[in-house]
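In the numbering used here, the protein residues as written are 6 to 254. Before any comments, here is the structure.
Following this line, the structure appears as structure tokens:
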């Protein structure tokens, strides 16, 4: 008896199954790229922050678009990315040095005890606390090689996205207007609201971080803590960590 070669699904069922497969594939792609979403978010935030500079130099003064884009990318890398990386490496080495030699910590504690009149702990207790803290951090910090590779990929993706946003700005904005389900007036209102919110958060967070870092460095200097300026700088960048930044400082 011949076997029928007709498809068991109707055209409508085939269409529904195709849509479900595409949606499932999109979900899998988003889950796989979830750790890299911060690159796109960072690129969007920096685009909103630097867009007034870009418009002033390119559209008003007529400067070369590629040169201005390269300058903005270099500025963001040198001023924003490199300090975080350098301070992270310096902080790790400083914590290791304190873990091996707790005499500096004990000197600071003795000065605080003399000024306050209270005794906090013994040298053995401080040594054990520091070693436990280092062990806790070591268990939660990924390996340096994989962490550095992941960080490099995110930074490269963010800079590439920023480069596309600036060099292809007109096409990028046309695509947003075409595919976003909003009217032209609503899009303008959303754009103005997004720009004001990002600028307020960036400037406000920078001002708060500067005040907190200044007070932290001044307090450490008063109590005679070595490298008070370094720890104040660390406090400045730590304040930018979402949710945990201000409590940590």
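Built from N, CA and C at the ideal position, the CB exists for glycine as well.
Determine the closest residue to residue 203 out of 47, 53 and 80, with distance taken between C-alpha atoms.
-> 53
Measure the CB-CB distance between residue 240 and residue 217 and report whether it falls below 8 Å.
-> yes
Quick one: using the 10 Å Cβ neighbour count with 16 as the cut-off for buried, is residue 176 buried or exposed?
-> exposed
With a CB to CB cut of under 8 Å and the five nearest residues on each side skipped, what residues in its chain are close to residue 182?
-> 189 and 192
Would you mind reading off the limits of the alpha helix (DSSP H) that contains residue 28?
-> 16-37
Which two residues bound the contiguous alpha helix (DSSP H) that contains residue 57?
-> 42-59
Which two residues bound the contiguous alpha helix (DSSP H) that contains residue 210?
-> 189-227
Are the segment 163-180 and the segment 23-36 touching by the rule of at least three beta carbon pairs closer than 8 Å?
-> no
Where residue 75 sits in the DSSP three-state scheme = helix
Proximity winner among 201, 222, 162 and 195, relative to residue 47 (alpha-carbon distances) = 162
Can you name, in chain order, every residue of its own chain whose Cβ lies under 8 Å from the Cβ of residue 45, other than the five neighbours on each side?
-> 162, 163 and 166
Spatial neighbours of residue 159 in its chain, beta-carbon cut-off 7 Å, leaving aside the 5 residues before and after = 41, 43 and 44
Pairwise C-alpha distance: residue 243 and residue 237 | 10 Å
What separation, rounded to the nearest whole angstrom, lies between the Cα atoms of residue 214 and residue 223?
-> 14 Å
List the whole-angstrom C-beta distance separating residue 58 from residue 77, where the pair is believed to meet the contact cut-off of C-beta under 8 Å.
-> 7 Å
Taking the C-alpha atoms as reference points, what is the distance between residue 208 and residue 56?
-> 15 Å
When we look at the beta-carbon of residue 234 and count the other beta-carbons within 10 Å, is it buried (16 or more) or exposed?
-> exposed
In this structure, does DSSP put residue 70 in helix, strand or coil?
-> helix
Any Cβ of chain D within less than 8 Å of the Cβ of residue 161?
-> Within the model displayed, chain D is absent; a lone protein chain is all it includes.
Residue 233 in three-state terms, based on DSSP | helix
Can the beta-carbon of residue 157 be found less than 8 Å from the beta-carbon of residue 71?
-> no
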